[in-house]
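J.:
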Amino acid sequence: MYHPMQPAYGPPPRTNRNGLVAAACIVSAGGLLAALLLLVLPLPPQQVGGLSGAVLCGNGTTAAAPLEFLTAVHAVTSTPEQRYYGQICEGAAVTRSVWAVVSSALALLLLLSIPLWRSRPAPRYYPGYPPGWRP
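In terms of numbering that gives the first Met the number 0, the sequence shown has 35 at position 36, counting the first letter as 1, and numbering is strictly consecutive.
#1: Can you check DSSP and say which residues form a bridge with V54?
#2: Tell me which residue opens and which closes the alpha helix (DSSP H) that S102 is part of.
#3: Check this for me: beta carbons of G165 and L105, under 8 Å apart or not?
#4: Once DSSP output is grouped into helix, strand and coil, what is the label at A62?
#5: Where does A23 sit, in a helix, a strand or coil, going by DSSP?
#6: To which residues of the same chain is G57 closer than 6 Å at the C-beta, ignoring the five residues directly before and after it?
#7: Whose C-alpha, out of W116, L107 and V93, is nearest the C-alpha of P41?
#8: If you draw a straight line from the alpha carbon of E67 to that of L37, how long is it in whole angstroms?
#9: By DSSP, does L69 sit in helix, in strand, or in coil?
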């Protein structure tokens with residue numbers, strides 16, 4: 000006869016993983032949102048050592064987003080200083096893009112691993128059960 004105080008005479012306890020799945024979905028959504036914001040928000044002013052303080056990556060009045068900066072066609076600049084500033088801004092945009100790709104990849108990996116967490120079906124035979132007993 001099954002008694003709740005005897006764990007050998009009952010199916011193993013099943014865990015409720017809904018909270019874990021919900022937390023994983025929230026973290027994944029946050030990672031995807033962070034990746035989107037990294038690509039869309041403007042680049043901060045870049046510090047260039049002792050040259051002229053900070054360089055504003057963009058058209059000169061406003062800062063450009065990394066996605067906008069990497070996809071725009073840049074005019075060939077004539078002075079070495081302008082080319083140097085362009086390389087600094089391009090490096091900042093590429094760095095932000097790499098972080099966006101890493102963030103989205105980790106979020107998608109976490110999101111796609113959720114089905115692997117489902118509880119497994121109980122085996123047909125439990126050691127320690129009385130003979131002839133089946134779930």
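Cβ atoms here follow ideal geometry from the backbone N, Cα and C, with glycine treated the same way.
T.: Considering the structure as presented:
#1: Q45
#2: Start and end: P79 to L111.
#3: In the structure as shown, the chain starts at 0 and stops at 134, and residue 165 therefore has no counterpart that could be examined.
#4: strand
#5: helix
#6: A63
#7: Measuring from the Cα of P41, the nearest candidate turns out to be V93.
#8: 12 Å
#9: helix
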